[in-house]
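Asks: Here you go, one structure.
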Amino acid sequence: MKLYSVITLLLCALSANAQKIKIPYEQFTLPNGLNVILHQDKTIPRISVNVWYFVGSGSEKPGRTGFAHLFEHILFEGSKNVPEGKFDEWLEAAGANNNGSTTEDRTNYYEDLPANALDLALFLESDRSFLLASLTYSTVDGQRDVVKNERRQSYENRPYGKAGLDVPALLYPKNHPYSWPVIGSMADLSVASRQDVADFFTQFYLPGNASLCIAGDIDLVQARKAVEKWFSDVPAGKPVAPIQPVSAALTEEKRVVVEDKVQLPRMEMIWLTPANFQPGNAEMDLVAAILGGGKNSRLYKRLVYDLQIAQNVSCYQGSSKFASDFHIAVTARPGIGLTQVEKIVQEEIERLKNELPTERELNRVVSQGESRFLSQIERSGGFSGKANQLNEYYFYTGNPDYFNEDLQRFKAVDVSDISAATRKYLRSDARVVMSIVPEGKKDLAASKN
């Protein structure tokens, strides 16, 4: 059966019968503090081993930023019993896919592989806990250079990329854990010593600061025994103190002009919005979808189709543990200034504040989100499958089985909630308005009307 047919049937079943999503799991904690989640799914003979370390760029300190992302790379480079270069090689030989990522809140790794290779993945993940036994100056220097090059490619030398490095400091007060970019600064990466890096690892990469999820074709009893075999000897280490961030709130409009090596001007409007899974967060996800989520959205139709003054439009909310940020980005067409673009964007924001969206419009974006949600949990692995989702729910809510509550957050929103959330959070006196313009073309920047 094709994927869209499966999704359609699931949507119909959920809507007609209000059936609950059932993702059975077992959860236990090892004596060293490692949280473990097991989910059995015998659909295909594959498994996903997913690890979340509760350390991201928000765990860093000013002057020592970029360490979490640096370790995302270093942990692929070998450990106590894994020679350099063998981590990926051994997994590929077993028919596995693997990757990792870093955010403000966490670092995660996954291995998707045949069910009979469970021990290989658990051995590799547990051996990462003994990284310091093989951490050399050359390893740190090599991955430092890799991260620096990634920063150049993704930000400094990428069209419109430089602006992304400036946004955190514009949104958050100094010393807030989100006030610097996840990738860190070149200066901080350059001065970091091996001891600085080793101390960061010792402080945060501990079993009590992590969650391991195994999802797929497993025997629950045997999987638990395998986890105990490979992870019980990992030292607990000292408890990690929770982050206590200073409060974050924009109290004024900040207008910034960034000159970059680009051909067309781009405007970005950014607001602070409620943290992930907090009241108001789901409403603002839906506001983003209505305003700029795809070619049927209000801003896309108005700016790209009707007025033809924009090349593209995007709107999204980046949700994190302590706060979220809501973005509207519009790239203008040749010859169009951003003041004209901003005027239309503001008109559509005001219209959503003052006129309720139609039930059809709201139902469309809720159904689209529900379809994506169901599509993701049809698979166990990757960055958005069930293994990662169980870990994500555990981290943000304390409850791995938060699937129904998460979906219901969106289905419970009505049209009046959309307009109310827009009025509350998309204020013109509490935002960042950034104009990214071609070098020497500041006249194209958005000016306050």
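Take the sequence shown: its position 116, counting from 1, is numbered 566 in the working numbering, and each next residue is one higher. No residue lacks a Cβ here, since even glycine has one placed at the ideal position from N, Cα and C.
Starting from residue 448, follow the alpha helix (DSSP H) in both directions and report where the run begins and ends.
Replies: Here the chain covers residues 451 to 899 and nothing more, so residue 448 does not appear.
Asks: Just to confirm the assignment, what range does the beta strand (DSSP E) spanning residue 478 have?
Replies: Secondary structure note for residue 478: its beta strand (DSSP E) is the uninterrupted segment 476 to 479.
Asks: Count the other C-beta atoms from every protein chain shown that fall within 10 angstroms of the C-beta of residue 552, then say buried if there are 16 or more, exposed otherwise.
Replies: buried
Asks: Quick check on residue 808: buried or exposed, where buried means 16 or more other Cβ atoms within 10 Å of its Cβ?
Replies: exposed
Asks: Taking the alpha carbon of residue 781 as the point to measure from, which residue in 799, 805, 750 has its own alpha carbon closest?
Replies: 750
Asks: Kindly say whether residue 652, judged by its beta-carbon, lies nearer than 8 angstroms to any beta-carbon of chain B.
Replies: Absent from the structure is chain B; it holds one protein chain and no more.
Asks: From the DSSP output, read off the bridge partner residues of residue 560.
Replies: 500, 549
Asks: Run through the stretch 781 to 813 for me and flag every whole alpha helix (DSSP H) of 4 or more residues, listed as ranges in chain order.
Replies: 788 to 804
Asks: Once you ignore the five residues that flank residue 600 on each side, which residues in its own chain have a CB closer than 8 angstroms to its CB?
Replies: 633
Asks: Looking only at its own chain, which residues have a Cβ that is under 6 angstroms from the Cβ of residue 579, when we skip the five neighbours before and after it?
Replies: 684, listed in sequence order.
Asks: Once the 5 residues before and after residue 795 are set aside, which same chain residues still bring their CB inside 8 angstroms of it?
Replies: 717, 719, 749, 753, 778, 780
Asks: Could you check whether the stretch 767 to 778 touches the stretch 725 to 739, counting it as contact only if at least three pairs of C-beta atoms, one from each stretch, sit closer than 8 angstroms?
Replies: yes
Asks: Suppose contacts are defined by Cβ-Cβ distances below 8 angstroms. Is residue 701 in contact with residue 803 by that definition?
Replies: no
Asks: Can you tell which of 744, 725, 793, 695 has the C-alpha that lies nearest to the C-alpha of residue 762?
Replies: 744
Asks: When DSSP builds the beta bridges, which residues end up paired with residue 764?
Replies: Paired residues: 779.
Asks: Cα separation between residue 815 and residue 862?
Replies: Computed Cα separation, rounded: 13 angstroms.
Asks: Out of 628, 514, 865, state which residue places its alpha-carbon closest to the alpha-carbon of residue 639.
Replies: For residue 639, the closest alpha carbon among the candidates 628, 514, 865 is that of 514.
Asks: What is the rounded straight-line gap between the Cα of residue 596 and the Cα of residue 806?
Replies: If I take the Cα positions, the gap works out to 49 angstroms.
Asks: With a threshold of 8 angstroms, are at least 3 pairs of Cβ atoms found where one atom belongs to the stretch 658 to 676 and the other to the stretch 841 to 854?
Replies: yes
Asks: Which of the three DSSP states, helix, strand or coil, is assigned to residue 638?
Replies: When DSSP states are grouped into helix, strand and coil, residue 638 belongs to the helix group.
Asks: Would you list the one or two residues that DSSP bridges to residue 706?
Replies: 884
Asks: Within the same chain, show all residues whose beta-carbon is closer than 8 angstroms to that of residue 888, passing over the 5 residues directly before and after it, in chain order.
Replies: Hits under 8 angstroms: 709, 710, 711, 712, 713, 714, 715, 894.
Asks: Could you check where the beta strand (DSSP E) with residue 720 kicks off and where it finishes?
Replies: Bounds of the beta strand (DSSP E) holding residue 720 are 716 to 723.
Asks: Please state whether the Cβ-Cβ distance between residue 581 and residue 529 is less than 8 angstroms.
Replies: yes
Asks: To the nearest angstrom, how far is the alpha carbon of residue 668 from that of residue 490?
Replies: Inter-residue distance for residue 668 and residue 490 is about 6 angstroms (C-alpha atoms, whole angstroms).
Asks: Ordered along the chain, which non-local residues of its own chain (more than five positions away) have a Cβ less than 6 angstroms from that of residue 772?
Replies: 695, 725
Asks: So, with DSSP's three-state summary, where would you put residue 626?
Replies: coil
Asks: Report back the beta-carbon spacing between residue 788 and residue 706 to the nearest angstrom; my notes put them in contact at under 8 angstroms.
Replies: In fact, because the Cβ distance is near 12 angstroms, the residues do not count as touching under 8 angstroms.
Asks: Within the same chain, show all residues whose beta-carbon is closer than 6 angstroms to that of residue 885, passing over the 5 residues directly before and after it, in chain order.
Replies: 707, 717, 788, 895, 896
Asks: Is the beta carbon of residue 605 closer than 8 angstroms to that of residue 614?
Replies: In contact: residue 614 and residue 605 (Cβ atoms closer than 8 angstroms).
Asks: Please list, in chain order, all residues of the same chain as residue 517 whose beta carbon is under 6 angstroms from its beta carbon, the five residues on each side excluded.
Replies: The residues are 510, 650.
Asks: Where does residue 583 fall in DSSP's three states?
Replies: helix
Asks: Ends of the beta strand (DSSP E) at residue 524?
Replies: First-last for residue 524: 517 to 524, but that is the alpha helix (DSSP H), not the beta strand (DSSP E).
Asks: Out of 878, 854, 572, 625, point me to the one whose CA is closest to residue 474's CA.
Replies: 854
Asks: Going by beta carbon distance, what residues of the same chain come within less than 7 angstroms of residue 790, once the five residues before and after it are set aside?
Replies: 759
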